[in-house]
Each structure stands twice: as structure tokens, then as C-alpha cells.
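Heads up, the thing below is written out as C-alpha cells.
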Amino acid sequence: MASAGSISMTAAGVSVRLHPACRVRQEGFGLLFYDARGPRLLFAPTGNMLPRDYFDTVRLIDELPEGLSESQKSSLRKFTKQLVDKGYLREQ
Amino acid sequence: MSNKYVEMGMTAPVNLTWEVSLACNLRCTHCLSASGTPAKDEMTTAEALDLVEQLDEARVFQINFGGGEPFMRPDFEQILDACHEKGIMTCISTNGTLLTPELVKRLSRTRLVAIQVSMDGARRETCDSIRGNGVFDAAVEAVRLLAETRIPTSVNTVLIAQNANEIPAMHSMAESLGASLRVSRFRPSGRGADNWDSMHPSPAQLLEFSDWLAASGDVRTGDSFFSLTSQERQGLGLNLCGAAKLTCCVGPTGNMYPCAFLQIENFKAGSLRESSFQDIWDNSEIYKSFRSLRIYSCEGCSRFEQCHGGCPAVAYYLKNDLNGGDPECLERCVTSIADLHLAEAAA
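Those protein sequence lines, which keep their order, are chains A and B.
Counting from 1, one number per residue, gives the positions in the first sequence under the numbering used here.
Counting from 1001, one number per residue, gives the positions in the second sequence under the numbering used here.
Next up, the structure:
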């Protein structure tokens, strides 16, 4: 759940990783996130921009795969922050 | 729920119900699978462990174990361990009577398991009249044991005519035991079909429950009450039947079905003894027919976007028509009560 605390987590330089209660897999439209705490689903139309195992390891929140355009990077940064706010990613 | 993406087709179910055995030490009068004695030729341990491998490869997120009573199966903990080693989340639906402190301690070693303990009334008399003498006390003790651990625990109750007025009290009871409440829908399958007339909730009870549910955001219902839930609650769960789209069912002998309520030959999607899990999920004609199921008779309804015709299983059992729309949906409850009032006024 978004809160003042979780919003501050999204500052650049923060390391994040998939929450242990969450799983993700590749689907035709992009990534499908599952949160067992709800349970709830998040359908993310990311196409092939992010590999499904991208957040299995600790990442800097602004860190993105190589080879993306600036507009793709901008969309993914917003998306990553949403994942933190919604609890799918958590600060390490 | 993002129907657009669901309709594109999923590579695998999000979760599935796996009824590992029909064996059960109880004979609940509403049991959807008429459990008691094990099914003939239930899956072997090797077959069950192979299925876990296949579900991991398919990246199924969660397995909901049921039965029967899952703990009646001697190798059930072995199956669970295999799931957890793969990182697959599990949820066990149990009657609670076989949960010992030692077993609960072993289960609590992982953070990947959740447990639902079935109870069917806030009063001992109500619960035991449905589940058998002494079951209420055993289930309460099981929930107490589980609440001392970190295992997410819920009390799971089936809404029936006999306990409809006890649901708020069950909510309080679950809370006092340190558990959440999950309410499931009564469906006319298994012994539930035999006892449908005497146990199914009335339209007035369903409407009352619907109102209560709208005000009780922490009560879980899964997908079982989307035909009744308010618009505000839709954000908490599904608004369409997930059978063959987001979920499916594996029966005790390895047959696959769209959902746990349609485990009959007409709806057999395939056998894991003849085909792989992925092959059945991708290619079963039964699953394809569910994915293209349209409840045309409901499309003119103002609530269509909220329930998409409700539960096809209930429509099938009560009207022999998968496409017929859910006979117990909110609109039909309201209409049914209005018709009754008109008839009374005319008399």
C-alpha cells in the first residue's frame, strides 16, 4: 500500500527486489505479477522490455536493461516506482 | 481484473485447485466432491511429484490443495515440500481435525503455505450438524494452533441457509482466534447437489449477505461471490469466472477440469496420465470452449460488467445450461423477491 514511507523509497539510489510474497512470469502482453498477500494480480504491458527474472536479484531502482529507448526507459522507471508503491518490490 | 489481458490467453493458470484425494474422515452434508473413501486409482507419489515439476515449469504461482481431506494422503507433506522447494506458494483447505502441534510446527517451517480451516457455523450445534459431532471444537483448536505460528490462517465457511445468520458472528470468531474469514459459495455438486433444496440460501439471505460483504472489506471470497458483490468490492477480486482462463482443477486421479465444481466426465479436459499439463492447458477443447464462453442472455443486464454472467457451474447444475447465466446472481435475487411480494399482494 502506498504511503509517505513507501513513496520516499522510490528515490534514485534505492535498491529494490521482488517481495518474497510475489511472483512474476512472462505473458504475451508483458509481465504478470502475483501477490499472494491479496491475492492480487498486476498485468503489466511491458512486452519484452523487462525479463521476468529481472527483479529476482537486488537492483537499483533506476537500473534498467540495456538497449532501451529513452521513452521506454521513462515508462519503465514510472512502472518500477509503481511496483514499489504497490508492494510488489521492496527496498533492500 | 484486466479482462483484456485475460482474454489474450495465459501461458498457464495463475493458481490451480488440486484435489489430492477423495479420502476424508468427515462426511459434510454440503461437500462439493462427495468425499469419503479414496477414488479408485488415485495419483501415485511419483505422479504427484512429476506434476509439481510440470507446474513449476509452467510457472503456476500457487496451488490450492483440497480434497477430500489432504492430510489423509500419507505422502501429502512430501508433495508440499516439493512445491515449496520450487518456490510454489500453497494453500491448504483442511477440516483441521488432523492438525497436531507437531504437524503445525513442520508446516510453519516455510513461509510459502497458507491454511484454510473449514467451519460452518459460529455455534457448535450449527457447525456439527453439517460436519459431524466434535468437529467444531477440533477446528477451533486447529485455528488456535495455527494462530500461534506465522502461517496465514483463515476460517473458511460455506454460506448455506442454516448458517447465513451466523456469518457476522463467524467473522468476529475468526478475528478473536487470530484468523481471517473466507466465505465460499454453496454449489449444487457432490453431496451439495443431494442436499441443495434444504441447504441453499434463499434470495433474501443472499441479498443480506451481499450487503454485509460490501461493508466487510477484510472478508475474503475468492471468485465465488462475484455475481453478488458490489461495485466497490470488485477491486478486491475477480469480476468474471476464471475457469480455464486463470485457474483450473486437477482431480485425485490426474484428470483435469475447468474448476473444482465441474469434476464430471462432460467437463474432463484431459488426463495427466495421457498428456502433459501444458498440453492439456494449451489444447484442451473443453478449456477452449470455456475461454470463449459468452453469457449472451446476461449482456443486456446493468450489472454485466460486474459479473459477466456469474458462475457457469451453478448455471449448469441448476439449469443444465452453461450459457444460461447464474441463477443466484444479485439481479435475479432482487427480481425473485419482488415477484414474491407481488404474488403475496395479489393473493
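The beta carbon of each residue, even a glycine, is placed where N, CA and C say it ideally should be.
Local conformation of residue i per DSSP, three classes
| i | result |
| --- | --- |
| N1255/B | strand |
| T1221/B | coil |
| I1160/B | coil |
| T1045/B | helix |
| V1052/B | helix |
| Y1316/B | helix |
| G1192/B | helix |
| M1089/B | strand |
| N1003/B | helix |
| D1120/B | coil |
| Y34/A | strand |
| V1250/B | strand |
| E1299/B | coil |
| E91/A | strand |
| V1140/B | helix |
| N1015/B | strand |
| V84/A | helix |
Any C-beta of chain A under 9 Å from that of residue i
| i | result |
| --- | --- |
| G1009/B | yes |
| R1059/B | yes |
| N1283/B | no |
| N1239/B | no |
| A1243/B | no |
Cβ shell of residue i (< 6 Å), same chain only, five flanking positions each side left out
| i | result |
| --- | --- |
| R25/A | L32, R52 |
| C1333/B | P1203, L1206, L1207 |
| E1077/B | none |
| V1052/B | A1082, C1083 |
| S1033/B | G1190 |
Same chain, Cβ closer than 7 Å to residue i, neighbours up to 5 away in sequence not counted
| i | result |
| --- | --- |
| G1251/B | E1019, Y1257, Q1263 |
Any chain B beta carbon closer than 9 Å to residue i
| i | result |
| --- | --- |
| R23/A | yes |
| E27/A | yes |
| Y88/A | no |
| L50/A | no |
| P39/A | yes |
| L32/A | yes |
| F43/A | yes |
Distance between beta carbons of residue j and residue i, contact taken as under 8 Å
| i | j | result |
| --- | --- | --- |
| N1163/B | T1126/B | 5 Å |
| A1122/B | M1173/B | 5 Å |
| I1151/B | L1107/B | 6 Å |
Where residue i falls, given that 16 or more other Cβ within 10 Å makes a residue buried
| i | result |
| --- | --- |
| L1213/B | buried |
| I7/A | Note on I7/A: pLDDT 39, under 50, position unreliable in the model; the coordinate value appears next. It counts as exposed. |
| T1044/B | exposed |
| Y1296/B | exposed |
| T1017/B | buried |
Close-in-space but distant-in-sequence residues of the same chain around residue i (CB under 8 Å, 5 per side omitted)
| i | result |
| --- | --- |
| E1047/B | G1254, L1272, R1273 |
Contact test: residue i Cβ vs the ligand MG heavy atom, cutoff 8 Å
| i | result |
| --- | --- |
| E1007/B | The ligand MG is not among the ligands present in this structure, which contains no ligands whatsoever. |
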